[in-house]
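Written below as structure tokens is the structure these notes are about.
Numbering (the numbering used here), first residue to last: 23 to 353.
Put into structure tokens, the structure is as follows:
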């Protein structure tokens, strides 16, 4: 297939029998491996109070990743802007860009906390997500030096840190109006994803940040020697998602073999089976075909892979195989 600009979002998922610090160190090690394989970006995420996710401070983790690598772009997928003051976010990314010039990306989302308890601890509520567009404008203003307060964001002002909008819900329209690159992840509902991309392109307004639309499609991709091996990579995450929807907590990833012998309720089984579908998985040839189809359907300029599984070596092998079939050295 034609060369593809390929990137990775790693959520620092915890695994049964392992600690949160181990998960964070695994993220840094994975970034180094993917840099050697030629991946374009490596992003980290923001989750608070989630037992199965260690990535709670994305700008701190991004600094560790950038310090451990040399060439790969490093960023966030994303900082949840409603959880923070825009000035503080600008300052954090200003520090990152100053330390690692030309390598930092600023992916921004509009989610607010995972539960009511987390939102209370953050001093936020669901309604804060409604202010995302205004918060985004304020954040970008700190970099441009256009804040009307007389305050200057140091060292952010005057720096150029590429911003991306995570296009959940109304995000496509917000990204278009702001003239920013968009990340959209909805592989399990291709029609909805295409509608979001079409809306973004139709309403895009060129800006100092982007002269034309830029689309990144994200999702789970698993590659292995056989379709069955690739499917097994999906099992730990599918079970964790099923558990979260039936018990209200998102647990660490279990080994696939434990999930396969676990008794499930009908409701759990339904969510679990659903979680195994709608992804891009299979052998190199199968994944290459599916990726080509996805890129033709969307016209996306980049693919952001978000795969999580228990077996670290199998995950890295999947990334190696994916790099080989997509010629990630394309840019």
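Just so you know, even glycine gets a beta-carbon here, dropped at the ideal spot from N, CA and C.
Check                                                                                                                                    : Outcome
The segment 203-220 / the segment 168-177 touching (three or more Cβ pairs under 8 angstroms)                                            : no
Nearest-angstrom Cβ-Cβ length linking residue 78 and residue 102, presumed shorter than 8 angstroms                                      : Going by Cβ atoms, the distance from residue 78 to residue 102 rounds to 11 angstroms, so no, they are not a contact pair.
Candidates 255, 73 and 270: closest to residue 282 by CA position                                                                        : 255
Extent of the continuous beta strand (DSSP E) to which residue 98 belongs                                                                : 95-98
Straight-line gap, residue 353 to residue 277 (C-alpha atoms, nearest Å)                                                                 : Reliability of the predicted coordinates at residue 353 is poor, the pLDDT of 44 falling under 50, and the value obtained from them is presented with this limitation in mind. For residue 353 and residue 277, the distance between alpha carbons rounds to 35 angstroms.
Chain-order list of residues whose beta-carbon lies under 8 angstroms from that of residue 55 (same chain, five-residue window excluded) : 338 and 341
Contact check, residue 274 vs residue 49, beta carbons under 8 angstroms                                                                 : no
Own chain, CB closer than 8 angstroms to residue 68, minus 5 neighbours either side, in chain order                                      : 77, 78, 79, 80, 98, 100, 101, 102, 105 and 131
Spatial distance of residue 379 from residue 171 (CA atoms)                                                                              : It is not possible to answer for residue 379, since the shown part of the chain is limited to 23 through 353.
Start-end ranges of the alpha helix (DSSP H) lying completely within the segment 222-303, minimum 4 residues                             : 249-269, 278-282 and 288-297
Simplified DSSP assignment, three categories, for residue 133                                                                            : coil
is_contact[residue 340, chain B] using C-beta, thresh 8 angstroms                                                                        : Considering every chain present, this structure includes no chain B. It has just one protein chain.
Among 313, 305, 264 and 270, the one whose alpha carbon lies nearest that of residue 343                                                 : 305
Paired residues, beta bridge with residue 204 - DSSP                                                                                     : 187 and 237
Start and end residues, beta strand (DSSP E) containing residue 324                                                                      : 324-327
Assigned exposure category for residue 250 - 16 Cβ within 10 Å defines buried                                                            : exposed
Per-residue DSSP class, three states only, for residue 23                                                                                : coil
Nearest-angstrom Cα separation, counted from residue 349 out to residue 138                                                              : 44 angstroms
Ordered list of beta strand (DSSP E) runs contained in the segment 50-117, each at least 3 residues                                      : 63-66 and 95-98
Proximity of residue 75 and residue 29 at Cβ, strictly below 8 angstroms                                                                 : no
Nearest residue (CA-CA) to residue 218, options 233, 188 and 244                                                                         : 188
Residues near residue 267 by beta carbon distance below 7 angstroms, same chain, minus five either side                                  : 293
Beta-carbon separation (whole angstroms), residue 62 vs residue 140, contact threshold 8 angstroms                                       : So it is not a contact: roughly 32 angstroms between Cβ atoms.
Cβ shell of residue 122 (< 6 angstroms), same chain only, five flanking positions each side left out                                     : 88
C-beta contact flag for residue 244 and residue 299 at 8 angstroms                                                                       : no
Local Cβ density within 10 Å of residue 27, reported as buried at 16 or more and exposed below that                                      : buried
Spatially closest choice to residue 230 from 213, 66, 200 and 212, by CA coordinates                                                     : 200
Counted within 10 angstroms of its Cβ, other Cβ atoms place residue 57 as buried (16 or more) or exposed                                 : buried
Counted within 10 angstroms of its Cβ, other Cβ atoms place residue 258 as buried (16 or more) or exposed                                : buried
Residue 234 vs residue 183 beta-carbon contact at 8 angstroms                                                                            : no
Sheet register partners of residue 127 (DSSP bridge)                                                                                     : 97
Identity of the residue in 333, 311, 297 and 155 nearest residue 211 by Cα                                                               : 297
Identity of the residue in 38, 24 and 23 nearest residue 334 by Cα                                                                       : 38
Best match in 73, 24 and 325 for proximity to residue 263 [C-alpha to C-alpha]                                                           : 73
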